[in-house]
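What follows is one structure encoded as structure tokens, with my remarks underneath.
Residue numbers (the numbering used here): 79 to 200.
The following block contains the structure:
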């Protein structure tokens, strides 16, 4: 790990602040935060992150799964889902995007570190 740039896509302010703090403590650079799919796409274009941490239920017309699909297809950037939604249908939709990781909230620092390291290694 050497300060890889992480884009955080999370629409809950408290969760985003905690995740931002955890990422920085783990040595990553948070290159932006988006609350909608459109914001995420703009930040991907402008910042070219090394990895995207993606909540599944985000604000706007496009959810995190569809946003992840666009990011992976258009930019080949690894995406790790961070979500509290791990029900069967949601998991199946997420799996169809070939995610690079899946973390269920609430999560510990080590869960985050391991998921990111494995995703970046691919």
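Glycine included, each C-beta is placed from N, C-alpha and C at the ideal position.
Name the two residues that bound the continuous alpha helix (DSSP H) containing residue 175. Per DSSP, residue 175 belongs to no alpha helix (DSSP H) and is neither H nor E.
For the beta strand (DSSP E) that residue 232 lies in, which residues bound it at each end? The first residue shown for the chain is 79 and the last is 200, placing residue 232 beyond what the model contains.
Could you tell me which of 87, 158 and 120 sits nearest to residue 190, measuring between CA atoms? 158
Quick one: give me the first and last residue of the beta strand (DSSP E) that residue 198 is part of. No beta strand (DSSP E) holds residue 198; the alpha helix (DSSP H) holding it covers 187 to 199.
Starting from the Cα of residue 81, find the closest Cα among 127, 169, 155 and 136 and give me that residue. 127
Considering only residues of the same chain and omitting the five flanking positions on each side of residue 198, which have a CB-CB separation below 7 angstroms? 82, 128, 129 and 156
For residue 113, which of helix, strand or coil comes out of DSSP? coil
Reducing DSSP to helix, strand and coil, say where residue 183 ends up. Here residue 183 sits in coil by DSSP.
Please name the residue or residues paired with residue 93 in a DSSP beta bridge. Per DSSP, none; premise fails for residue 93.
Determine the closest residue to residue 168 out of 135, 179 and 193, with distance taken between C-alpha atoms. If we check each option's Cα against that of residue 168, 135 comes out closest.
Through-space distance from residue 100 to residue 119, alpha-carbon basis: Each residue's Cα considered, the two are about 23 angstroms apart.
Residue 143 versus residue 172: straight-line alpha-carbon distance, rounded: 6 angstroms
Should residue 184 be labelled buried (16 or more other beta-carbon atoms within 10 Å of its own) or exposed? exposed
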